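Order-wise, the sequence lines are chains A and B.
Here the first sequence is numbered in the working numbering, starting from 4 and rising by one per residue.
Here the second sequence is numbered in the working numbering, starting from 4 and rising by one per residue.
Backbone N, C-alpha and C fix where the C-beta goes; we use that ideal spot for every residue, glycine too.
Just so it is clear, the structure is predicted and the values come from calculations on it, not from any experiment.
To start, the structure under review is shown below, and the notes come after it.
There are 2 protein chains.
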Amino acid sequence: MRKTDAAGAAAFLQTQDNIWILTHRNPDGDTLGGAFALLRALLTLGKTARVVCSETIPEKYAYMWAGLSDIPDFTPESVVAVDIADEKLLGEPLQARFGGQIDLCIDHHVSNTQYAKTLFLEDCAATCEMVYAVVSALGCTVTAEIADCLYTGLATDTGCFRYTNVTARTHEIAAELIRAGAHFGDINRVMFETKTGTYLKLQELVLKSLEMYFDGRCAVITITQEMFRQSGSNESECDGIASLPRKIEGVLVGVTLRERGDGTYKVSLRTYEPINASKICMALGGGGHARAAGCELKSDDLAAGKQKLLSVIETELENI
Amino acid sequence: MRKTDAAGAAAFLQTQDNIWILTHRNPDGDTLGGAFALLRALLTLGKTARVVCSETIPEKYAYMWAGLSDIPDFTPESVVAVDIADEKLLGEPLQARFGGQIDLCIDHHVSNTQYAKTLFLEDCAATCEMVYAVVSALGCTVTAEIADCLYTGLATDTGCFRYTNVTARTHEIAAELIRAGAHFGDINRVMFETKTGTYLKLQELVLKSLEMYFDGRCAVITITQEMFRQSGSNESECDGIASLPRKIEGVLVGVTLRERGDGTYKVSLRTYEPINASKICMALGGGGHARAAGCELKSDDLAAGKQKLLSVIETELENI
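Okay, structure coming up:
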């Protein structure tokens, strides 16, 4: 494995043709934005290139490939991985085909497993920051289309410039992308603003279930199958809601009880220091990380299970 | 009324002393951030100055005045209004005292009523962008404390860089403030992540009031004094909720009706292109920006006022 920088990555790409650009499975704005920005830059250089993902790419990203014509299938001479920390994240078919064969990896995960022949790694907020540098080093104009792709990665990997991974450089690149014509308003609207009516109805029902314990240091919400029926919503809309209890001022332990189709309850625990979520969940047969862990409660004994969970949480809060 | 720019505002302030800096009532991150940044800059120049608001400033902004010592009361020789579009927004006691007496107004609302003797007006995302320019023109160092104040205004008036009022310049200033030491991670957590229990209870009640009109293109929520009583919440927690109706998928016009203590209703309109929020509110005696505007409805004729508002909105939607 050889390490490189933006200029080195660009110099390598200049010498290559028939390039496959791989994204990670469960593709997000940063892997897709970086991949399609790089694709568009390589196409302007007259290269043959394509973006490949092992899973279907959600339609909300369709602007990234708008206006690009279908390219006849071709055999890659060179393979580039964008925003992929580990070959396992390629997903099954791509991992089987390209394991050990990645020529260049552009990635911002410090946990990168260094699987590629050449690695451009930086500890920055988004891989798209690095692709911006590569596109510039390739001498390509950052068109509005490329700016849209790169802005998407910057915004989605930082909670729209909210998280502590943001640097002054992140904002500077955002400024340059906006000057290049990025449609940031539309992108932010799709990525962050839009809520479905069913989500809001579910949120209303779930908020009604909110319980506070132990001087407001523990918050519990419950999501039932009946709430899904009443709201017309479903499990896929729960992610934002599950993070809600810990956001309440003063809460150290946020608990989400989510009823599954089979009547069992999935428990998601989110904590702030010094409460260890994993320790609490292990006491109920589950496990996880220090700040996020889970376990399961049986439906036929939900009240007793919830009581046990609360008493374990109480003990941890008393031990601070 | 004389118009000026950042250099002109700074030159004026250089000649003044014993300065009162006024914020608008129902103070937000932009009016407070701009006011306290200006205060801190003027103090470093050896001026006597204070920030005055007609209402209690929420504790979450306490970092803005941290480390500043109490100043004995003094009579203002010069009065500056920050982020105040209309003298009415000073709130009762300040309006009675300073109506027609404002020496300098620094504001980004294009609907500014030009009440000040000298006006620095720019159509930008946040008044804090303009105060940044004034502080720089004063020759003051942007300390980490000043950067915290200004970053707060930038972030809170743009939904953390999400809205279309953001420009490349907004991001460039954010970059400069981060380099100056702004604690953007902490600020964003307080402003955007943390929710109080009373806020969540209020949100539940408000979601129940949601009404949809015109094929789902207009959403209306109502916040009443009774909801404040039931939830234990208050006006200061309404800002996040006011942006909610526009977030619903398919909505072009989001309306929040907020009952004031005196029974009148404050109308906040948030729109997406091509709907002009200011145009709609002007038809009801209000005003504001293209995407965010406001007006007022009388309590004794709320039903009729709401009907008129809805019919103006319907006309705009039909004209798309």
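Residue pairing by DSSP places W23 of chain B opposite B:R53 and B:V82 in a beta bridge. For the stretch 89-115 of chain A, the set of positions with a beta-carbon nearer than 9 angstroms to some beta-carbon of chain B is empty.
Residue pairing by DSSP puts L300 of chain A in a beta bridge opposite A:Y268. The beta carbon of G37 of chain A sits closer than 7 angstroms to the beta carbons of V85, D86, I109, T130, C131, V134 and G156 from its chain, once the five residues preceding and following it are set aside; these are given in chain order. One alpha carbon belongs to E95 of chain B, the other to S57 of chain B, and they sit about 7 angstroms apart. Annotated as proximal: V137 of chain B and A12 of chain B, with beta-carbon spacing under 7 angstroms. Residue contact with chain B for L313 of chain A: absent (no Cβ-Cβ distance below 7 angstroms to any residue of chain B). For M230 of chain A, the uninterrupted alpha helix (DSSP H) run begins and ends at Q228 to S234, by DSSP. If you check the CB distance, S81 of chain B and Q19 of chain B come in under 7 angstroms. Annotation: C241 of chain A to I22 of chain A spans about 38 angstroms, alpha carbon to alpha carbon. Not flagged as an interface residue toward chain B: K63 of chain A, since no C-beta distance is shorter than 7 angstroms.
With a cutoff of 7 angstroms on beta-carbon distance, F39 of chain B and C143 of chain B are scored as not near each other.
Under the Cβ criterion of 7 angstroms, A178 of chain A is counted among the residues facing chain B. Of the other Cβ atoms in all chains shown, fewer than 16 fall within 10 Å of the Cβ of L48 of chain B; this residue is therefore exposed. A contact between stretches requires three or more CB pairs, one per stretch, nearer than 8 angstroms, and the stretch 167-182 of chain A meets this requirement with the stretch 174-186 of chain B. Residues D106 of the same chain have their beta carbon placed closer than 6 angstroms to that of K120 of chain A, with the five preceding and five following residues left out of the count.
The beta carbon of E262 of chain B lies closer than 7 angstroms to those of I226, T227, Q228 and Y268 in the same chain, with the five residues before and after it left out. Not a single C-beta of chain A is nearer than 7 angstroms to the C-beta of N279 of chain B. Residue burial annotation: M230 of chain A is buried, with at least 16 other C-beta atoms found within 10 angstroms of its C-beta. Closer than 7 angstroms to the CB of T199 of chain B there is at least one CB belonging to chain A. For E207 of chain B, the nearest CB of chain A lies under 7 angstroms from its own CB, placing it at the interface with that chain. Distance from the CA of D8 of chain A to the CA of A140 of chain A, rounded to the nearest whole angstrom, comes to 10 angstroms.
Close partners of V169 of chain B in chain A (Cβ separation under 7 angstroms): F187.
It is roughly 52 angstroms from the alpha-carbon of D218 of chain B to the alpha-carbon of T318 of chain A. Residue-level contact check: R261 of chain A does not touch chain B, since none of the beta carbons of chain B fall below 7 angstroms from its beta carbon. Annotation for I190 of chain B: the continuous alpha helix (DSSP H) segment containing it runs F187 to N191.
Chain A has no Cβ within less than 7 angstroms of the Cβ of N322 of chain B. At the C-beta level, V258 of chain B and T274 of chain B stay beyond 7 angstroms of one another. Approximately 5 angstroms separates the beta-carbon atoms of G291 of chain A and G297 of chain A; this is inside 8 angstroms, confirming the contact. A Cβ of chain A is located within less than 7 angstroms of the beta carbon of I251 of chain B. Along the length of the stretch 74-132 of chain A, whole beta strand (DSSP E) runs at least 3 residues long occupy 81-85, 107-110 and 121-124, reported in chain order.
Burial state of E148 of chain B is buried, judged by a 10 Å Cβ sphere holding 16 or more other Cβ atoms. For L313 of chain B, the closest C-alpha among the options B:L35, B:C221, B:T201 and B:T26 is that of B:C221. Between L272 of chain A and S234 of chain A, the C-beta spacing is not below 7 angstroms. Beta bridge pairing from DSSP links A222 of chain B with B:M215 and B:G257. Taking 7 angstroms as the threshold, the shortest C-beta distance from C152 of chain A to chain B does not fall below it.
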